[in-house]
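S.K.:
Number of protein chains: 2
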Amino acid sequence: MPHVPTSPAEIPLALFAVFVGARLMRELLERLGQPGIAGEILAGVLIGPHVLGWIRPEGVPPVLAELGVMFLLFRIGLEVKPAAMLSLGRTACSVAVCGVALSFASAFAIARVWGHASLEALFVGAAIASTSVAVSAEVLASKGYISTRAGRTILAAAVIDDILGLIVLALVSNYARGGVNWLDLAGTAGLAAGFTLFVAVWGHRAVGHAVPRLQAQMRAVEAQFTLSMGLLFGLAVLAVWAGVAAIIGAFLAGMALSETVDERLHTMTAGVSELLVPFFLVGIGMSLDPGVFRDPSTMGLAAVLLAAAVLAKLLGCGLGASGLGRADAMRVAAGMVPRGEVGMVVAGLGKKMGLVSDPIFGIIVFLSVATALVAPPLIRRAFDTKSGVTEEG
Amino acid sequence: MPHVPTSPAEIPLALFAVFVGARLMRELLERLGQPGIAGEILAGVLIGPHVLGWIRPEGVPPVLAELGVMFLLFRIGLEVKPAAMLSLGRTACSVAVCGVALSFASAFAIARVWGHASLEALFVGAAIASTSVAVSAEVLASKGYISTRAGRTILAAAVIDDILGLIVLALVSNYARGGVNWLDLAGTAGLAAGFTLFVAVWGHRAVGHAVPRLQAQMRAVEAQFTLSMGLLFGLAVLAVWAGVAAIIGAFLAGMALSETVDERLHTMTAGVSELLVPFFLVGIGMSLDPGVFRDPSTMGLAAVLLAAAVLAKLLGCGLGASGLGRADAMRVAAGMVPRGEVGMVVAGLGKKMGLVSDPIFGIIVFLSVATALVAPPLIRRAFDTKSGVTEEG
Chain A
1 MPHVPTSPAE
11 IPLALFAVFV
21 GARLMRELLE
31 RLGQPGIAGE
41 ILAGVLIGPH
51 VLGWIRPEGV
61 PPVLAELGVM
71 FLLFRIGLEV
81 KPAAMLSLGR
91 TACSVAVCGV
101 ALSFASAFAI
111 ARVWGHASLE
121 ALFVGAAIAS
131 TSVAVSAEVL
141 ASKGYISTRA
151 GRTILAAAVI
161 DDILGLIVLA
171 LVSNYARGGV
181 NWLDLAGTAG
191 LAAGFTLFVA
201 VWGHRAVGHA
211 VPRLQAQMRA
221 VEAQFTLSMG
231 LLFGLAVLAV
241 WAGVAAIIGA
251 FLAGMALSET
261 VDERLHTMTA
271 GVSELLVPFF
281 LVGIGMSLDP
291 GVFRDPSTMG
301 LAAVLLAAAV
311 LAKLLGCGLG
321 ASGLGRADAM
331 RVAAGMVPRG
341 EVGMVVAGLG
351 KKMGLVSDPI
361 FGIIVFLSVA
371 TALVAPPLIR
381 RAFDTKSGVT
391 EEG
Chain B
1 MPHVPTSPAE
11 IPLALFAVFV
21 GARLMRELLE
31 RLGQPGIAGE
41 ILAGVLIGPH
51 VLGWIRPEGV
61 PPVLAELGVM
71 FLLFRIGLEV
81 KPAAMLSLGR
91 TACSVAVCGV
101 ALSFASAFAI
111 ARVWGHASLE
121 ALFVGAAIAS
131 TSVAVSAEVL
141 ASKGYISTRA
151 GRTILAAAVI
161 DDILGLIVLA
171 LVSNYARGGV
181 NWLDLAGTAG
191 LAAGFTLFVA
201 VWGHRAVGHA
211 VPRLQAQMRA
221 VEAQFTLSMG
231 LLFGLAVLAV
241 WAGVAAIIGA
251 FLAGMALSET
261 VDERLHTMTA
271 GVSELLVPFF
281 LVGIGMSLDP
291 GVFRDPSTMG
301 LAAVLLAAAV
311 LAKLLGCGLG
321 ASGLGRADAM
331 RVAAGMVPRG
341 EVGMVVAGLG
351 KKMGLVSDPI
361 FGIIVFLSVA
371 TALVAPPLIR
381 RAFDTKSGVT
391 EEG
């Protein structure tokens with residue numbers, strides 16, 4: 001092996017602490033009637049560097065979290081038929097646009113009112129604008145809501161959100177650097193949207209044509225798994241090059257394979273995702289530093305921004321989804337609440353450019369964790385209401 | 001997420017290159033009638049830093065290789081019933097002791113003849129002494145030979161080899177530091193052997209008692225997977241603390257679970273291992289630096305040591321297994337040929353103590369790669385001979 005670690009027990013110990021800690025907290029929260037995902041994030045807050053300090057963040061390799069969330073989205077893609085997803089395209093677009101616009105505007109306004117410079121306020125808006133699909137996807141998958149009309153709308157809108165988030169970030173950072181090159185921006189947005197649409201529309205046909213033929217010709221065992229992983233990693237790379245997140249590529253790969261692969265691939269994928277998703281959720285929790293909130297003004301701003309972040313998506317996305325009827329609109333709105341790693345990337349960039357201060361950075365991390373904790377009970381409540389979950393439509 | 005990588009495509013790209021490169025080379029070698037595992041190791045040599053240089057070793061997080069080999073051994077443990085393994089204990093002991101003794105003695109003698117200092121020669125002997133179970137296990141598993149009498153003997157002997165390797169390393173490094181504390185050494189050896197025997201003998205009973213009860217009480221989904229992973233990581237940590245490798249703990253965890261878990265757990269485990277084992281094999285290949293062999297004397301020593309390393313195990317282990325009859329003794333002997341990460345750990349320690357020179361370090365890495373490439377065809381030939389594979393015994 002290329003690397004001999006200083007303490008040979010460190011990696012097994014970190015694996016044990018993260019995995020077992022996350023699963024114990026999941027079990028505890030489920031027994032309390034709460035969503036298990038909140039337990040796994042809270043496990044990260046607890047064992048992370050700022051509370052108990054059992055685990056150094058460097059001791060948990062980030063690649064496990066990245067692989068975990070890629071497999072989470074890949075697995076969810078496997079459950080979604082492209083046609084069922086594309087039929088909801090128009091609704092999903094209006095959900096995404098309304099939610100992003102209202103989140104961006106309200107967060108910008110609040111940060112300005114709190115006395116922050118307009119450039120910093122722009123970064124706050126950009127960081128809070130787009131939904132992070134992973135958390136909602138986990139809740140939907142664990143409750144079997146993925147294939148409902150509301151579930152599919154959430155997924156489609158979250159994918160569009162990722163593209164909108166890219167555009168907003170490009171706008172803000174270009175503006176901060178002194179000028180927006182509209183041609184460049186159109187190119188960036190066009191590439192991202194074009195890649196996503198192209199794979200969503202044509203991917204499953206290409207896969208349905210190629211995978212069975214290749215599989216029949218391959219000598220090595222587990223050929224279907226090998227081909228699926230090749231597609232997953234390949235589309236993740238292309239997605240990043242096209243400007244969207246690797247997990248969008250993973251989701252598109254799953255969707256493209258959804259009509260071709262067999263039960264064994266589903267179970268093998270479940271193995272990887274059950275093993276590694278806790279590392280993603282614990283990683284979210286570990287990044288929270290409660291020390292930021294010693295200053296009352298910071299704490300106040302965080303509380304107001306959290307309320308705005310939740311309400312903006314509930315109202316904006318609910319409005320965007322109103323064509324689906326009141327019950328489904330509420331479900332979609334709840335599913336769009338979580339923010340996540342996109343916000344942290346935006347905040348990290350702003351910090352690097354010297355435009356985002358440490359307290360604001362801490363607030364954005366807090367908002368990722370807090371919306372991830374607030375959303376699952378909202379989603380469960382919205383989906384569990386009597387008015388009946390629409391199975392197909 | 002706690003970590004924002006500099007280039008967001010780097011991790012997906014490394015995942016793609018390693019996984020797809022390994023699987024392409026596996027397919028190629030299998031089409032040429034060679035073992036696929038050799039293809040995956042050669043993929044590492046090719047794309048690694050010393051030949052094509054496509055992948056920086058730092059770009060492939062070592063945790064993926066470590067997890068991969070842990071799951072490989074865990075998965076193999078799941079196929080082995082403890083009683084069937086323990087019944088071969090005496091034969092496995094003589095296989096392990098003869099193979100280690102002959103390997104150590106011959107490598108030490110050759111290094112002395114080549115003019116190296118006796119301390120350095122001791123490290124060469126220690127590095128080459130013990131078999132690395134992962135490579136043989138992969139070949140046995142991929143061909144369905146795990147549950148044969150020879151297959152189980154190889155696994156048991158390789159586990160004992162790990163303990164013998166620990167003792168040899170402690171002896172050599174104590175001696176190099178100026179004196180052997182026999183009491184300490186006995187304690188170290190006793191702890192390692194005691195832990196291994198204890199888990200092998202009692203583990204499956206404790207698991208058979210506890211897992212179904214816990215599983216019935218757990219609310220969260222995939223309870224059996226959660227419990228199995230907890231046991232896997234827990235025993236890996238304890239194994240390291242007891243002085244043996246984490247993969248021995250993983251193997252013992254699998255064996256303890258072998259009579260309790262269902263088919264879904266096997267398939268989920270297969271998913272993780274199929275995904276991550278290529279990272280282990282590519283990692284072995286990437287560590288080879290052909291540049292070491294520009295010096296003809298180094299090259300000569302490497303060639304002689306390789307021949308000795310292969311012959312010492314074939315003769316020593318064949319002799320140790322002679323009670324199983326000629327055909328099975330040859331199978332066992334072939335399965336004991338691969339060396340691996342144990343040798344690299346020993347060589348790394350010797351280098352750190354200033355007792356192992358760069359060329360000798362390079363030779364030991366070469367021997368790990370070369371024995372891993374030489375062994376699979378030997379194993380396949382030995383197991384494919386007409387005299388009939390004993391299914392149970």
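Order-wise, the sequence lines are chains A and B.
For the first sequence, our numbering gives the first residue as 1, with consecutive numbering after it.
For the second sequence, our numbering gives the first residue as 1, with consecutive numbering after it.
The beta carbon of each residue, even a glycine, is placed where N, CA and C say it ideally should be.
Of all Cβ atoms in chain A, is any one closer than 8 Å to the Cβ of P8(B)?
M.R.: For the purposes of this step, residue 8(B) is identified with residue 8 of the second sequence, where counting begins at 1. Judged by the 8 Å Cβ criterion, P8(B) is in contact with chain A.
S.K.: Are there three or more Cβ pairs, one per stretch, closer than 8 Å when the stretch 95-103 of chain B is compared with the stretch 134-144 of chain B?
M.R.: Cβ pair count under 8 Å is below three, so no.
S.K.: With a threshold of 16 other CB atoms inside 10 Å of the CB of M330(B), please say whether the residue is buried or exposed.
M.R.: By one-based count along the second sequence, residue 330(B) stands at place 330. Result: buried.
S.K.: Quick check: the Cα distance between N181(B) and L231(B), rounded to an integer number of angstroms?
M.R.: The sequence position of residue 181(B) within the second sequence is 181, counting from 1. The sequence position of residue 231(B) within the second sequence is 231, counting from 1. Approximately 34 Å, taken between the alpha carbons.
S.K.: Out of F74(B), V304(B), G243(B), which has the shortest C-alpha to C-alpha gap to V261(B)?
M.R.: As a working note, residue 261(B) is residue 261 in the second sequence. Checked all of F74(B), V304(B), G243(B); the closest Cα to V261(B) is F74(B).
S.K.: Out of I146(B), V211(B), G234(B), A236(B), which has the shortest C-alpha to C-alpha gap to Q224(B)?
M.R.: Here residue 224(B) corresponds to residue number 224 of the second sequence, with the count starting at 1. Here the closest residue by C-alpha is V211(B).
S.K.: Go through its chain and collect everything with a Cβ distance to I167(B)'s Cβ below 6 Å, but skip five positions before and after it.
M.R.: Taking the first residue of the second sequence as position 1, residue 167(B) is located at position 167. For I167(B), where only same-chain residues beyond five positions count, the Cβ hits under 6 Å are A189.
S.K.: The alpha helix (DSSP H) with I160(B) in it runs from where to where?
M.R.: As a first step, residue 160(B) must be located in the second sequence, where it is residue number 160. Per DSSP, I160(B) belongs to the alpha helix (DSSP H) from 149-176.
S.K.: Any beta carbon of chain B sitting closer than 8 Å to that of P296(A)?
M.R.: By 1-based counting over the first sequence, the position of residue 296(A) is 296. It does not: the Cβ of P296(A) has no partner Cβ on chain B nearer than 8 Å.
S.K.: Mind listing, in chain order, the continuous alpha helix (DSSP H) runs of no fewer than 4 residues lying wholly within the stretch 180-257 of chain A?
M.R.: For the stretch 180-257 of chain A, whole alpha helix (DSSP H) runs of length 4 or above, ordered along the chain, are 182-217, 223-242, 246-257.
S.K.: If you follow the alpha helix (DSSP H) that R380(A) is in, where does it begin and where does it stop?
M.R.: Translated into positions along the first sequence, residue 380(A) becomes position 380. Residues 358-384.
S.K.: Go to G271(B), then tell me how far its alpha helix (DSSP H) extends in each direction, as first and last residue.
M.R.: Position 271 of the second sequence, counting from 1, holds the residue named residue 271(B). G271(B) -> alpha helix (DSSP H) spans 263-286.
S.K.: Using a cut-off of 8 Å between C-beta atoms, extract the partners of G230(A) located in chain B.
M.R.: For the purposes of this step, residue 230(A) is taken as the residue at position 230 of the first sequence. Result: F16, F19, V20, R23.
S.K.: Give the interface partners of G271(B) over in chain A, defined as CB-CB distance under 8 Å, in chain order.
M.R.: One-based indexing of the second sequence puts residue 271(B) at position 271. Per Cβ cutoff of 8 Å: F225, T267, M268, T269, A270, G271, V272.
S.K.: Could you pull out every residue in the same chain whose Cβ sits closer than 6 Å to the Cβ of F198(B), ignoring the five residues on either side in sequence?
M.R.: As a working mapping, residue 198(B) is identified with position 198 in the second sequence. Counting only Cβ-Cβ distances below 6 Å, and skipping sequence neighbours, we find nothing.
S.K.: Starting from L13(A), find everything on chain B with Cβ-Cβ shorter than 7 Å and list it in chain order.
M.R.: For the purposes of this step, residue 13(A) is identified with residue 13 of the first sequence, where counting begins at 1. V237, listed in chain order.
S.K.: When the Cα atoms are used, what is the spatial distance from L301(B) to L214(B)?
M.R.: Residue mapping note: residue 301(B) aligns to position 301 of the second sequence, counting from 1. Residue mapping note: residue 214(B) aligns to position 214 of the second sequence, counting from 1. About 56 Å.
S.K.: Determine the DSSP secondary structure at L306(B), reduced to helix, strand or coil.
M.R.: For the purposes of this step, residue 306(B) is taken as the residue at position 306 of the second sequence. Reduced to three states, the DSSP call for L306(B) is helix.
S.K.: Using the three-state DSSP reduction, which class does M353(B) fall into: helix, strand or coil?
M.R.: The sequence position of residue 353(B) within the second sequence is 353, counting from 1. It is coil, neither helix nor strand.
S.K.: Only counting runs of 4 or more residues, tell me where the alpha helix (DSSP H) segments fall wholly within the stretch 94-148 of chain B, in order along the chain.
M.R.: The stretch 94-148 of chain B contains these whole alpha helix (DSSP H) runs: 118-129, 133-143.
S.K.: Using 8 Å for Cβ pairs, my map puts L164(B) next to F195(B). What's the rounded Cβ distance?
M.R.: By 1-based counting over the second sequence, the position of residue 164(B) is 164. By 1-based counting over the second sequence, the position of residue 195(B) is 195. At roughly 15 Å, the Cβ-Cβ gap does not stay under 8 Å, so L164(B) and F195(B) are not in contact.
S.K.: Mapping DSSP to helix, strand and coil, what is G335(A)?
M.R.: On the first sequence, position 335 is the one that residue 335(A) refers to. Of the three classes helix, strand and coil, the one that applies to G335(A) here is helix, per DSSP.
S.K.: Between L42(A) and M25(A), how many whole angstroms is the CB-CB distance? I'm expecting something under 8 Å.
M.R.: One-based indexing of the first sequence puts residue 42(A) at position 42. One-based indexing of the first sequence puts residue 25(A) at position 25. Sure, about 6 Å apart at Cβ, within 8 Å.
S.K.: I need the straight-line Cα distance from E341(A) to I364(A), nearest angstrom please.
M.R.: By 1-based counting over the first sequence, the position of residue 341(A) is 341. By 1-based counting over the first sequence, the position of residue 364(A) is 364. When rounded, the distance between both Cα atoms is 10 Å.
S.K.: Quick check: the stretch 45-59 of chain A against the stretch 49-56 of chain B, are there 3 or more CB pairs under 8 Å?
M.R.: Contact fails: fewer than three Cβ-Cβ distances are below 8 Å.
S.K.: Between the alpha carbons of G115(B) and I128(B), how many angstroms are there, rounded?
M.R.: Stepping through the second sequence from its first residue, residue 115(B) is reached at position 115. Stepping through the second sequence from its first residue, residue 128(B) is reached at position 128. Each residue's alpha carbon lies about 18 Å from the other.
S.K.: Counting only Cβ pairs nearer than 8 Å, list the residues of chain A close to M218(B).
M.R.: Indexing the second sequence from 1 puts residue 218(B) at position 218. The contacting residues are E27.
S.K.: Taking only the alpha-carbon atoms, compute the straight-line gap between R23(B) and V304(B) and give it to the nearest angstrom.
M.R.: Looking up residue 23(B) in the second sequence gives position 23. Looking up residue 304(B) in the second sequence gives position 304. If you take the alpha carbons of R23(B) and V304(B), they lie about 32 Å apart.
S.K.: Taking a contact to mean a Cβ-Cβ separation below 8 Å, would you say A256(B) touches A157(B) in this structure?
M.R.: Within the second sequence, residue 256(B) is the residue found at index 256, counting from 1. Within the second sequence, residue 157(B) is the residue found at index 157, counting from 1. Cβ atoms of A256(B) and A157(B): not closer than 8 Å.
S.K.: Counting only beta-carbon atoms, is P338(B) nearer than 8 Å to chain A?
M.R.: Sequence index remark: in the second sequence, residue 338(B) carries index 338 (1-based). It does not; no Cβ of chain A falls within 8 Å.
S.K.: Apply the 10 Å Cβ neighbour rule to S297(A) and answer buried if 16 or more other Cβ atoms are within range, or exposed otherwise.
M.R.: Start at 1 with the first residue of the first sequence, and residue 297(A) comes out as number 297. Burial call: exposed.
S.K.: Does I11(B) come out as helix, strand or coil in the three-state DSSP assignment?
M.R.: If you number the second sequence from 1, residue 11(B) lands on position 11. Of the three classes helix, strand and coil, the one that applies to I11(B) here is helix, per DSSP.
S.K.: Counting C-beta neighbours from all protein chains within 10 Å, is the total for D32(B) 16 or more, i.e. buried, or is it exposed?
M.R.: Numbered from its first residue, the second sequence carries residue 32(B) at position 32. According to the sequence provided, residue 32(B) is Leu. The question's Asp does not apply to it. L32(B) is exposed by the Cβ-count criterion.
S.K.: Once you ignore the five residues that flank H266(B) on each side, which residues in its own chain have a CB closer than 7 Å to its CB?
M.R.: Indexing the second sequence from 1 puts residue 266(B) at position 266. Counting only Cβ-Cβ distances below 7 Å, and skipping sequence neighbours, we find L78.
S.K.: Express the C-alpha separation of R380(A) and F366(A) in angstroms, rounding to a whole number.
M.R.: Position 366 of the first sequence, counting from 1, holds the residue named residue 366(A). Position 380 of the first sequence, counting from 1, holds the residue named residue 380(A). Answer to the nearest angstrom: the Cα atoms are 22 Å apart.
S.K.: Apart from the five residues on each side of it in sequence, which residues of its chain come closer than 8 Å, Cβ to Cβ, to P2(A)?
M.R.: Reading the first sequence from its first residue, position 2 is the one you call residue 2(A). Since pLDDT at P2(A) reaches only 36, below the 50 mark, its modelled position is unreliable, and no value is offered.
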